[in-house]
Amino acid sequence: MNKLIELKGVYKGFKVRTGILTKKFVWVLKDINLFILKGEVLGILGESGCGKSTLGSVVLGLNTPERGKVEWYGGKKKIQAVFQDPYSSLNPRYTVKKTLLEPYFLCVAKDEKRGIERAKSLLLKVGLKEEVLSFYPHMLSGGQRQRVALARALITEPELVVLDEPTSALDTTVQAQILNLLKSFKEEFKLSYLLITHSVPVVMSLADRIAVMYMGRFVEITHKDEFLSPPHHPYTELLIDSTLEVARIPKRIKELGEPASLISGEIKGCVFAHRCPYAEERCKKLQPELVNVTEKKQIACFKC
Amino acid sequence: MPLLEVENLCLADSSTGKLLVKGVSFSVEKGDVLGIVGESGSGKSITALSILKLYPPGIKCTSGKVYFKGMSIYDMPESEVLKLRGKQISMILQDPLSALNPVLTIGEQVEEVLEVHSSLSKKQRKKRVLELLKEVGISDPELRARSYPHELSGGLRQRAMIAMALAGEPELLIADEPTTALDPTLQIQVLELLKNISQKKGLSLIFISHDLGVISYIAKHIVVLYKGEVLETGKVEAVLKEPLHPYTKLLIDSSIGLNKRPKSCQENLIFEEPSEGCVFYPRCVKRCEKGRKEKPPLIKVDETRSVRCFLYE
Chain P
231 MNKLIELKGV
241 YKGFKVRTGI
251 LTKKFVWVLK
261 DINLFILKGE
271 VLGILGESGC
281 GKSTLGSVVL
291 GLNTPERGKV
301 EWYGGKKKIQ
311 AVFQDPYSSL
321 NPRYTVKKTL
331 LEPYFLCVAK
341 DEKRGIERAK
351 SLLLKVGLKE
361 EVLSFYPHML
371 SGGQRQRVAL
381 ARALITEPEL
391 VVLDEPTSAL
401 DTTVQAQILN
411 LLKSFKEEFK
421 LSYLLITHSV
431 PVVMSLADRI
441 AVMYMGRFVE
451 ITHKDEFLSP
461 PHHPYTELLI
471 DSTLEVARIP
481 KRIKELGEPA
491 SLISGEIKGC
501 VFAHRCPYAE
511 ERCKKLQPEL
521 VNVTEKKQIA
531 CFKC
Chain E
41 MPLLEVENLC
51 LADSSTGKLL
61 VKGVSFSVEK
71 GDVLGIVGES
81 GSGKSITALS
91 ILKLYPPGIK
101 CTSGKVYFKG
111 MSIYDMPESE
121 VLKLRGKQIS
131 MILQDPLSAL
141 NPVLTIGEQV
151 EEVLEVHSSL
161 SKKQRKKRVL
171 ELLKEVGISD
181 PELRARSYPH
191 ELSGGLRQRA
201 MIAMALAGEP
211 ELLIADEPTT
221 ALDPTLQIQV
231 LELLKNISQK
241 KGLSLIFISH
251 DLGVISYIAK
261 HIVVLYKGEV
271 LETGKVEAVL
281 KEPLHPYTKL
291 LIDSSIGLNK
301 RPKSCQENLI
311 FEEPSEGCVF
321 YPRCVKRCEK
331 GRKEKPPLIK
341 VDETRSVRCF
351 LYE
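Line order of the protein sequences matches chains P and E. All letters in the first sequence, in the order written, are residues 231 to 534 by this note's numbering. All letters in the second sequence, in the order written, are residues 41 to 353 by this note's numbering.
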């Protein structure tokens, strides 16, 4: 399969205000290497503050990295995005029609008749009725708005869609519907997704490959079919063990530390060492590199 | 006698008069953990707040009673209810950053509860604050007691909230989505803490969440709320293993897990028309003719289990 986009050695940092007058430069992404194949779903799994949304914005081209390269293979760059909060990502003064036609006019053609036709057929596909075209966002429920956001992303016929926590603001029953929609669209339109989430179940329902991120670094990149079986990076193990689901008793958690913040300064050694139940002396001195543990699994840990 | 009994609670929007909670009843025994599960708009949070007569702005109680150890809270003078709040019944809320006072240190805020609800001297109070912080798993309590809320991480803030809630040595703790704002690795730590405290002290817990996975981890009994009505109640294992109400079944089928993908859930309609009969009728896959016009009563299936559905008549 062909690569669609590739990030090579990407570093991204920001100036962060630390006091009234003091500012500090903080690396948010460190040595990120990734690619997404055509028709593939790459899941980025990580908790708040790990840099996963920044990674999304670099892929979208909304942020330029300080170091490294973002390469898009093939002609015109066709990327779209769906964000977490459908309340703030839709313009409250735009009707659904205007919301859908604006990107169509900009990216596809300035043809109102065909645009409306396409908008109507997409609305049906996402499970809404044609009448919605004249609605404003406040007339729709959270799930319905996320469907509109999805239709807006698809109207320009993108090749890659960045999904930044697309279901975490939604109720359980609505989440299931949206995940099913995303899955069927991927097959129907041969889409690639960059799926950003903190939830292991969500990433398992959609992704083909999963990259686990901690404090701006990838600590594991694994194909979905091997993700739940060991060996794991200790952080991946913690994420899996912390997952709660109906009628499953989670393992006892071995770790009790609090996550460090990126702002607190550069960490010497492995990014996860301060919370890791298996950490040794060398872990506090050196950052391990990602190595192939099996054909489908890369882990950055001395123990693996 | 149950520790807490909520009887036929009805809450309405005070400007439009629209009923938001329609006759909700449940009870909590001593040492029990009751999980209330419901999606947004189900009325779970306003029900929780109303137990202590803390009606949110724009919401009024139109009927119903709440009994705590047999005493009717709604018939007490306000001064008596004040003594109950934070003492015998306390609460923790979803977002600790907005529930904590930003200009007071964590220690001062925990101490405030002791000042109101205990007869300890200042020195004893200081000592008790440190004990409480330690009890909720905060390492280095002396340092943390001097910290302000913004200096702590989300997990520590929620632990500080729990310390405040425990300071009055309550018999009942109401927790409204206490882990929803936390990352999964912290969520499980806070849940385990609440579970341990409840077991160790025989503390009763009302735990509200939209997440069935969380409820199945912590609760012993469950109440399924939908649009202000109780649709099913029972022991957690029984309800999750064999859901009776079509809505409970839909909830279980839609929740995902490590190896559990969302089923292509059968559901009628995304656009709901209000129904005169059963509240779930518009989305129900089993739609019975009777439910279209008539409201089903809560039907007792066995000793511990009830369901609001004509299919079980």
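All residues carry an ideal CB built from backbone N, CA and C; glycine is no exception.
Alpha helix (DSSP H) containing residue i: first to last residue?
i, result
"I86 of chain E", "84-91"
"K275 of chain E", "Run containing K275 of chain E: none in the alpha helix (DSSP H); it sits in the beta strand (DSSP E), 269-275."
"V338 of chain P", "Looking at the DSSP string, V338 of chain P is not in any alpha helix (DSSP H), and its letter there is neither H nor E."
"I146 of chain E", "146-157"
"Q392 of chain E", "This structure cannot speak to residue 392 of chain E, because chain E is shown only from 41 to 353."
"R327 of chain E", "Neither: R327 of chain E is in no alpha helix (DSSP H) and is coded neither H nor E."
"Y287 of chain E", "286-294"
By the 10 Å Cβ neighbour count, where 16 or more other Cβ atoms means buried, how is residue i classified, buried or exposed?
i, result
"H428 of chain P", "buried"
"Q354 of chain E", "Any property of residue 354 of chain E remains undetermined from this structure, which presents chain E solely from 41 to 353."
"V106 of chain E", "buried"
"G291 of chain P", "exposed"
"R184 of chain E", "buried"
"E395 of chain P", "buried"
"P322 of chain P", "exposed"
"M231 of chain P", "exposed"
"M204 of chain E", "buried"
"G78 of chain E", "buried"
"A399 of chain P", "buried"
"Y303 of chain P", "exposed"
"N11 of chain E", "Look at the range of chain E in this structure, 41 to 353, and you will see that residue 11 of chain E is not part of it."
Check the DSSP bridge columns for residue i and list the partner residues they point to.
i, result
"C101 of chain E", "E:L51"
"V77 of chain E", "E:S249, E:V264"
"M443 of chain P", "P:F448"
"R297 of chain P", "P:Y241"
"K253 of chain P", "P:R247"
"F342 of chain E", "Reading off the sequence shown, one finds Asp at residue 342 of chain E, where the question assumed Phe. In the DSSP output, where bridge partners are listed per residue, D342 of chain E has E:R345."
"R505 of chain P", "DSSP output for R505 of chain P lists no bridge partner at all."
"R197 of chain E", "Its beta-bridge partners do not exist; DSSP assigns none."
"S112 of chain E", "E:Y107"
"S244 of chain E", "E:L212"
"L44 of chain E", "E:V68, E:F108"
"H453 of chain P", "P:R439"
"E475 of chain P", "P:R478"
Under DSSP, the beta strand (DSSP E) around residue i begins and ends at which residues?
i, result
"N522 of chain P", "521-524"
"D180 of chain E", "Per DSSP, D180 of chain E belongs to no beta strand (DSSP E) and is neither H nor E."
"L212 of chain E", "212-216"
"Q528 of chain P", "527-529"
"V64 of chain E", "59-68"
"L468 of chain P", "Note, L468 of chain P: premise wrong, no beta strand (DSSP E); alpha helix (DSSP H) at 464-472."
"A311 of chain P", "309-312"
"V271 of chain P", "271-275"
"S130 of chain E", "129-132"
Find the nearest neighbour of residue i within the set the options, judged by alpha-carbon distance.
i, options, result
"G446 of chain P", "P:K328, P:F502, P:K233", "P:F502"
"Q517 of chain P", "P:Y444, P:H462, P:R478", "P:Y444"
"I255 of chain E", "E:A215, E:P286, E:K267, E:T225", "E:A215"
"L393 of chain P", "P:G286, P:H368, P:G269", "P:G286"
"V264 of chain E", "E:L74, E:L51, E:P42", "E:L74"
"S103 of chain E", "E:V64, E:L243, E:Q229, E:S85", "E:V64"
"E217 of chain E", "E:L49, E:Q134, E:E316, E:G57", "E:Q134"
"K123 of chain E", "E:C328, E:V276, E:I99, E:K93", "E:K93"
"E296 of chain P", "P:G304, P:I262, P:V326", "P:I262"
"G208 of chain E", "E:A278, E:S158, E:E282", "E:S158"
"N299 of chain E", "P:V246, P:G499, P:T473, P:K481", "P:T473"
"L264 of chain P", "P:S278, P:K299, P:K245", "P:K299"
"L44 of chain E", "E:I258, E:E69, E:S55", "E:E69"
"L154 of chain E", "E:P136, E:A139, E:V143, E:S130", "E:S130"
"E354 of chain E", "E:R323, E:R327, E:V325, E:G331", "Coverage of chain E is limited to positions 41 through 353, which leaves residue 354 of chain E absent and any answer about it impossible."
"K127 of chain E", "E:K289, E:P97, E:K163, E:L206", "E:L206"
"L390 of chain P", "P:A406, P:G345, P:K308", "P:K308"
"C531 of chain P", "P:V449, P:R478, P:A383", "P:V449"
"E282 of chain E", "E:L212, E:S346, E:K303, E:S67", "E:S346"
"E148 of chain E", "E:M111, E:Y188, E:K240, E:I292", "E:Y188"
"F350 of chain E", "E:E343, E:C328, E:G274", "E:C328"
"E343 of chain E", "E:C324, E:L280, E:K275", "E:K275"
"L237 of chain P", "P:I250, P:G249, P:T252, P:L272", "P:L272"
"Q374 of chain P", "P:G276, P:G357, P:P388", "P:G357"
request  = Mind listing, in chain order, the continuous beta strand (DSSP E) runs of no fewer than 3 residues lying wholly within the stretch 342-428 of chain P?
outcome  = Listed in chain order, the complete beta strand (DSSP E) runs (minimum 3 residues) inside the stretch 342-428 of chain P are 390-394, 422-427.
query = Between the stretch 201-229 of chain E and chain C, which residues of the former have a C-beta closer than 8 Å to a C-beta of the latter?
reply = The structure shown contains no chain C; the protein chains it does contain are P and E.
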